[in-house]
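Chains as they are written, first to last, in full-length UniProt numbering: chain A, 1 to 304; chain B, 1 to 610; chain C, 1 to 400.
Each remark here refers to the structure printed beneath this line.
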Amino acid sequence: MQGFIQHLADALSLGSLFALTALGISLLFGIMRLVNFAHGDLITIGAYALIVPSSNPNAVMFIGLWPVLDTIIAICAIVVALAILCERLAFKPMRGANPSVLMIASFAVSYFLQNALIMIYGSRPKGVNLWPALAQSVSVGGVRLQLLQIVTIVTTLVLLCGLTLFLRRSAIGRQMRAASENFMMARFLGVRANLVIAAAFAISGFFAAVVSLLYVVQRGTITYDFGVPLVMAAFVATVIGGMGSVLGAVLGGFLVGFANVFFQVVLPMSLRGDRDAFVYGFVILVLLVRPAGLIKVKSVQERV
Amino acid sequence: MPGQSRLFSIGRYLWEPATLCAGLLILTIAADLSQNGVLIFVATNILIQMVMVIGLYVFIGNSGILAFGHITYAMIGAYADAWLTMSPFKKSFALNLPDFLANHSFAVFPSLLVAGLASGILALLTGLPLMRMGGIAISIGTFAVLVIFNTIYQNWGDWTFGSSTLVGIPLYVTEWVALAWVCAALVVATVYQKSRFGLALRSSREDEVAAHSVGIHVRRERIIGFALSGLFMGVGGILQAHFLGSIAVSAFWIPVTFILIAMLMVGGQRSLTGAVVGTLVLSIVMQALRQLEAGLQVASFNLQLPHGLSELGAALLMLVILLLRKNGLTNGREIPWPFPDEARMIEEGRAKALVRLAQPPQPLDRTSRLEAQDVSVQFGGLAAITKVTVSVARGEIFGLIGPNGAGKTTMVNVLTGFQAPTTGQVLLNGTDITRVTPRLRTQQGLARSFQAVRLFKDMTVLDNLEVAGIGTGLTRRAARDRAWDILAWMNFEDKALVRADTLPYGDERRVGLARVLATAPQFAFFDEPAAGMSDRECDDLMQLISDIPGRFGCGVLLIEHNMRVVMGVCQRIQVMDSGRTIAEGTAAEIQTNPAVIRAYLGSKSEKTYA
Amino acid sequence: MKLVASGLLLAALALAWTIPSSWAADNDIVVGFAIAQSGWMSENDGPPSQGALMAIDDINAKGGLLGRKIRPVFADTKSDQTQGAEAGESVLAQGAKLMIVSCDYDMGAGAATVGNDHKIPTFSLCASDAKMGVQGIGPYAFTIANASLTIGATLAQWGVVKKGWKNAYLLLDDTIEYNKGICSGFETQWKRAGGTIVGQDSFKQDDASIASQVTNMQQTNANSKIDFIMICSHGAGDVSAVRQIRSAGIETPIGGGDSMDGDFWTKAVPHLNDHYASTLGSPFGDDPRPFVNQFMDRMAKADGHRPPTSLAISGYSVVQALALAVQRANSLDGDAVLAQLNKFHDENLAIGPTTFTPDLHINLTRPQAILGIRDGKGYFVDLVQLPAPPPLKLIFKHQD
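If you want it as structure tokens, here you go:
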């Protein structure tokens with residue numbers, strides 16, 4: 001029983017990480033039908049921003065050494081600024097292009113950012129020790145919990161509630177939801193497209209920054225493709241959860257996290273190397289049963 | 001002379017692949033003449049990539065669906081071919097294959113065919129479940145397939161050598177072999193593109209709903225395109241294996257996927273020429289940037305970019321091109337036939353059509369009937385239609401009118417299968433077809449137009465009608481004949497070769513109407529065909545519609561707001577308001593019905609329409 | 001606009017055509033470096049290449065090879081296999097008679113295949129895979145390094161015999177073959193020396209979390225106390241695994257392969273103790289072999305900071321080996337040089353005693369240095385040599 005609770009805790013925290021990443025992606029898809037592959041690089045850059053820019057294999061902490069709140073604010077500011085910069089330079093000029101073109105554009109942005117990171121920081125993984133206290137474990141009734149795991153789960157729930165409230169109650173949030181339902185109509189009704197889209201990118205950047213910090217504490221080393229595995233899982237999570245639905249993204253994230261832990265535990269040693277095949281096989285299964293995802297969003301369905 | 005025109009039409013048919021192949025031949029010869037080993041290497045590599053980009057075009061270009069996982073099929077083909085062609089000696093060090101493969105090796109050409117076929121078959125098998133999904137789920141699904149195969153191959157040590165590079169693959173792909181395969185790929189891609197399968201798939205790309213409505217089996221067409229493109233990828237992967245002499249699972253992953261897709265996008269996703277152009281442009285630019293990284297002697301000055309900058313440059317170039325030309329460098333267009341002969345084609349089409357039209361139409365069965373009985377449709381708490389019965393006979397023109405929001409389009413949706421009724425039945429000649437899909441209903445003879453018209457924008461008017469013929473089971477030639485017939489009947493044949501997205505609004509609606517007729521329906525549903533038309537255009541339209549039952553042998557149900565048209569052509573009219581039937585009868589009866597007048601104008605006015 | 005674009009494209013085309021061809025009538029001995037100068041592999045190839053260039057400088061300072069100067073030429077593989085093949089073609093086009101390729105079998109395979117096909121003696125900077133040799137790429141391919149099995153086996157030998165440990169737990173990152181080789185060698189030797197493997201698990205380089213694996217490990221530990229945790233991994237995944245294990249409060253000694261050389265990575269694991277890596281030598285200046293320490297000092301002077309790992313020595317040794325063979329053959333003819341290389345028996349190179357035979361182009365029993373970490377700082381522990389080579393059948397395939 002204890003083992004089961006332990007694995008449950010592991011699954012919840014892994015799922016939270018995926019869910020947070022998925023939240024950042026699903027907002028942009030809902031409004032712009034943009035699958036932003038560069039999201040992973042936002043996460044990576046958030047992590048690199050903690051150290052002094054240099055190709056020295058010995059990473060020197062910089063922003064990471066500031067007081068906790070200052071670090072959080074600084075990293076969020078940097079990533080959000082970068083997200084908005086990407087939007088201005090790459091995506092705004094392409095607004096209205098069909099989704100495949102937007103996707104490739106985001107791929108190009110991602111390719112650019114990753115190679116730029118290698119050029120600036122070198123390709124060797126950098127050791128980073130952010131907020132070491134969080135990485136410690138506590139034992140709760142025989143179950144080993146990392147403080148980080150608790151923080152991740154709580155953060156996910158809090159931010160999910162926060163985002164939902166924001167979308168429902170605030171003026172910009174309502175405009176975002178309108179734009180998500182029907183972009184053209186929303187514009188006719190006075191919703192300012194530029195503002196809404198910039199806000200969406202900013203929120204997306206904020207979520208990327210949060211994931212970045214949590215993941216750095218978890219992993220302890222950063223590489224040029226730091227954010228990529230998270231984003232790969234998150235894309236899949238967003239689609240099985242239901243694209244355009246905030247709740248769906250979170251649900252999908254937890255589902256993928258659970259699937260990962262489940263197969264890691266259940267598969268015999270000889271098959272454990274194939275774990276990812278099983279997880280993605282599971283994903284295909286879900287998509288076959290519910291092609292539109294678990295939570296269907298009306299506006300994404302076509303009207304005859 | 002028939003022989004000459006036959007040659008001419010073959011020339012016209014293969015014009016594009018022949019031109020592209022010739023151009024590539026010239027470039028290959030130039031590379032060869034340089035005697036420079038690196039240049040020849042680069043040229044061969046470009047040609048091999050081109051085979052794969054052409055493969056991507058076959059599916060992505062024709063279906064409009066971005067497939068992320070295609071490189072999987074290149075991997076499957078490459079490894080299958082390695083199992084067949086590697087020497088037993090080399091295999092013994094790396095692999096643990098069953099005796100049949102471990103102790104034999106086969107000739108390269110048959111092996112390529114077998115392995116390529118294997119990729120195609122695997123693409124078919126994986127495509128079957130994938131195409132059940134819709135839109136972006138398919139894209140993610142293809143990515144999931146990529147991950148699954150990548151994971152399996154990385155762990156299938158006995159057969160694939162796991163994550164290690166498999167070396168010792170016989171080298172035979174020279175620049176000429178690669179060129180030959182590119183030319184072959186171009187021809188096959190062209191044949192597919194011009195076939196009924198290519199046309200059908202493109203129609204689903206333009207408007208999936210409209211494609212369903214003219215009987216196209218969208219899922220099947222996607223699977224066919226997907227399987228064929230998987231086969232191309234397989235051949236490309238095999239060529240690469242025999243070019244490098246080695247393969248590794250890790251090489252068939254996201255970075256190369258991105259580059260290949262980018263090549264297609266840069267050239268123009270929707271065009272075969274785009275696949276070739278994009279590959280060339282992106283490869284040349286990247287090679288040039290790499291030269292700069294390696295250092296270039298300009299007079300006494302050494303020009304050198306820091307390493308890694310060529311990747312940045314490539315990414316920027318992609319963004320710039322996509323920004324400036326959203327449809328790629330070719331703008332989605334192919335190489336045009338250099339001898340302008342549109343006038344001749346139109347004349348030929350018209351002449352043949354007039355001959356066919358001169359024949360008397362087939363007699364029609366006036367007892368054949370389509371009915372919706374006691375149909376109610378509820379959306380959540382809202383009742384769109386409440387207990388409405390509609391009945392149309394073949395040979396009659398039936399009008400369904402009412403104020404906006406009355407439920408008329410919803411009724412047509414129910415009759416044609418786009419909307420399931422909450423209660424009630426739809427009967428065709430007494431048979432219950434309530435659960436039948438729109439596509440099958442079209443094949444049974446029910447065809448509808450759309451309020452939003454939904455033409456296949458990036459196709460000519462003629463092609464728009466041809467798709468409908470193909471959807472209802474004709475060959476391409478027969479469908480084309482039928483299309484010309486309808487155009488000639490409508491006096492619209494002069495615009496046959498015009499692209500649908502350049503048509504003025506009124507013409508669009510006429511083509512929408514024509515497309516319905518191109519399915520040879522038993523019952524045709526027209527949703528506001530007269531919208532946006534001038535009085536004179538309306539007169540023409542009324543003439544056409546009146547002629548339809550006699551010429552095409554079908555029944556017509558007309559939704560229309562223009563009362564002149566309704567009163568002028570409809571023999572029977574049913575009036576709906578707020579989801580209920582409020583009146584039924586002839587034009588004269590409806591015009592003087594007080595309930596109808598009230599519904600349209602409100603209770604204050606009792607003005608009648610003349 | 002169209003004109004400008006066409007003009008640019010033509011310029012690019014012209015540029016692409018200016019691919020260098022061989023320098024005619026040149027008396028230098030050209031050594032081609034087909035290595036990763038960009039992309040993720042570049043930092044792995046960097047230090048060994050530097051070491052190789054240092055060796056070239058040393059030889060040239062003493063009058064050159066066969067009385068001729070050695071001139072290095074370069075081509076970037078861009079950490080890509082196809083580009084690797086192109087890089088191989090490129091250095092050959094620049095006149096290379098000897099080739100040096102990436103410090104990795106997969107990354108070097110492209111260029112090495114080209115070299116082998118042209119009968120050019122080709123050395124990988126430090127690939128630990130026997131397939132960079134006769135049974136893989138071909139008879140002209142060599143690697144200067146120890147087999148990955150040796151790397152793992154040596155650590156096992158030290159653990160059982162010198163430290164007296166009994167129970168080991170294997171954690172394998174099965175993303176790449178190299179890791180599988182390390183674990184395979186470790187497991188075989190641990191058992192040979194009298195130890196027991198009490199459990200094992202696997203993970204992937206990119207796994208966001210190994211919490212499940214840690215849980216499994218703790219459950220095993222409850223039944224049979226683990227003395228040593230062997231992590232067969234590399235790069236960020238390895239460091240992250242160490243971090244997550246220590247964060248879980250597990251203080252058991254941990255082992256790793258040569259990707260854990262140096263202590264630049266220990267920032268990720270605060271106050272790390274009891275980590276042991278099996279590698280070439282100590283970059284900390286405390287190696288018992290004076291040449292190693294001098295070499296590290298020399299590199300520090302050239303770079304401005306201490307080398308992160310000891311792996312640069314392998315690059316130096318590659319050039320030593322090639323020069324020795326060319327000297328003895330008194331010719332640059334590929335087959336003649338090859339014949340000399342195949343006669344190497346315990347040749348004293350910077351990396352240690354080196355042996356090649358016509359059937360084996362990798363070393364199996366060369367001594368490995370064990371480096372320890374104490375409070376985040378690295379130090380030399382021991383120099384260990386295997387009493388007997390690992391099983392030959394494991395060297396080539398099924399390294400798991």
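Glycine included, C-beta positions come from ideal geometry on N, C-alpha and C.
Under 7 Å Cβ-Cβ, which residues of chain B neighbour A/L27?
Per Cβ cutoff of 7 Å: no residues; A/L27 is ~15 Å from chain B at best.
Can you confirm whether C/A24, when its beta carbon is compared against all beta carbons of chain B, has any partner nearer than 8 Å?
Because the pLDDT at C/A24 is just 45, under 50, the model does not fix this residue reliably, and the point stays unresolved.
With the cut-off set at 8 Å, would you say B/V266 and B/L282 are in Cβ contact?
Closer than 8 Å, so yes.
Alpha carbon to alpha carbon, how far is A/Q6 from C/V214?
The straight-line gap from Cα to Cα measures roughly 11 Å.
Can you pull the chain A residues whose beta carbon is under 7 Å from the beta carbon of C/H305, in chain order?
Under the 7 Å cutoff, chain A gives N56.
Quick one, which of B/C538, B/E584 and B/A595 has its alpha-carbon nearest B/V569's?
That would be B/C538, whose Cα lies nearest to the Cα of B/V569.
So with Cβ pairs under 8 Å, would you call C/S102 a contact of chain B?
No, its Cβ sits nowhere closer than 8 Å to a Cβ of chain B.
Which residues in chain C sit within 9 Å of B/G274, going by Cβ to Cβ distance?
By Cβ distance, chain C contributes nothing, its closest Cβ being about 15 Å from B/G274, past 9 Å.
Could you pull out every residue in the same chain whose Cβ sits closer than 7 Å to the Cβ of C/T154, ignoring the five residues on either side in sequence?
The residues are S278, Q368, V384 and L386.
Does the beta carbon of C/P48 sit closer than 8 Å to a beta carbon anywhere in chain A?
It does not; no Cβ of chain A falls within 8 Å.
Since B/A583 and B/V596 should fall inside the 8 Å C-beta cutoff, what is the C-beta to C-beta distance between them, to a whole number of angstroms?
So it is a contact: roughly 5 Å between Cβ atoms.
From B/T475 to B/G512, what distance separates their C-alpha atoms?
Straight-line Cα distance between these residues: approximately 21 Å.
Exposed unless 16 or more other CB atoms sit within 10 angstroms - verdict on A/C76
Classification of A/C76: buried, given that the 10 Å Cβ count is 16 or more.
Terminal residues of the continuous alpha helix (DSSP H) containing B/S546?
Looking at the DSSP string, the run of the alpha helix (DSSP H) that includes B/S546 is D535 to F552.
Determine whether the Cβ of C/F396 lies closer than 8 Å to any Cβ atom of chain A.
The beta-carbon of C/F396 is placed no less than 8 Å from the nearest beta-carbon of chain A.
How far does the beta strand (DSSP E) with C/I197 in it extend, from its first residue to its last?
Where C/I197 is concerned, the enclosing beta strand (DSSP E) stretches over T196 to F203.
Through-space distance from A/I43 to A/K296, alpha-carbon basis:
Here the alpha carbons of A/I43 and A/K296 stand approximately 28 Å from one another.
Limits of the alpha helix (DSSP H) - the one that B/E466 falls within
Per DSSP, the unbroken alpha helix (DSSP H) holding B/E466 starts and ends at V461 to G471.
Restricting to runs no shorter than 4 residues, where is the alpha helix (DSSP H) found entirely within the segment 129 to 164 of chain B?
Complete alpha helix (DSSP H) runs here, min 4: 136 to 155 and 157 to 160.
Please tell me whether B/Y172 and B/M75 are closer than 8 Å, where the distance is taken between their beta carbons.
No. Outside cutoff.
Could you tell me which whole alpha helix (DSSP H) segments of length 4 or greater appear in the segment 206 to 250 of chain A?
At a cut-off of 4 residues, the continuous stretches assigned as alpha helix (DSSP H) that sit fully inside the segment 206 to 250 of chain A are 228 to 241.
Any beta-carbon of chain C closer than 8 Å to the one on B/L260?
Taking Cβ atoms only, chain C never reaches closer than 8 Å to B/L260, which makes this a no.
Which word fits C/K301, buried or exposed, when buried means at least 16 other C-beta atoms lie within 10 angstroms of its C-beta?
C/K301 comes out exposed.
If we cut at 8 Å on Cβ distances, does C/P387 have a partner in chain A?
Taking CB atoms only, C/P387 has no neighbour in chain A less than 8 Å away.
Please state the DSSP three-state secondary structure of C/P391.
DSSP places C/P391 in the coil class of the three-state scheme, outside both helix and strand.
Compare the C-alpha of B/F208 against each of B/F143, B/R454 and B/M286 and name the closest.
It is Glu, not Phe, that sits at residue 208 of chain B in the sequence shown. It is B/R454 whose Cα lies nearest to the Cα of B/E208.
Give the residues of chain C in contact with A/L17, contact being defined as C-beta atoms less than 8 Å apart.
Going along chain C in sequence order, the residues near A/L17 (Cβ under 8 Å) are A208 and S209.
Taking Cβ-Cβ distances shorter than 7 Å, what residues in chain B pair up with C/E177?
Per Cβ cutoff of 7 Å: G162, S163 and S164.
Among residues of its own chain, excluding the 5 on either side of C/A24, which ones have a beta-carbon nearer than 7 Å to its beta-carbon?
Its pLDDT being 45, under 50, C/A24 is placed unreliably by the model, and nothing is read from it.
Would you kindly work out how many angstroms separate the C-alpha atoms of A/F226 and C/Y276, rounded to a whole number?
Each residue's Cα considered, the two are about 26 Å apart.
Leaving out five residues on either side along the sequence, give the residues of the same chain with a beta carbon under 7 Å from the beta carbon of B/R290.
Within the same chain, Cβ atoms closer than 7 Å to the Cβ of B/R290 are found at S310, the five residues on either side in sequence being excluded.
By DSSP, does B/T581 sit in helix, in strand, or in coil?
Looking at B/T581 - three-state DSSP - the assignment turns out to be strand.
I need the DSSP call for C/P353, collapsed to helix, strand or coil.
In the three-state scheme derived from DSSP, where H, G and I count as helix and E and B as strand, C/P353 is classed as strand.
In the structure shown, what three-state DSSP assignment does B/T586 receive?
The three-state reading of DSSP puts B/T586 in coil, since its state is none of H, G, I, E or B.
Against chain A, with Cβ distances strictly below 8 Å, would B/P403 count as a contact?
With a threshold of 8 Å between beta carbons, B/P403 makes no contact with chain A.
Which of the three DSSP states, helix, strand or coil, is assigned to A/N182?
DSSP, read as helix, strand or coil, puts A/N182 in coil.
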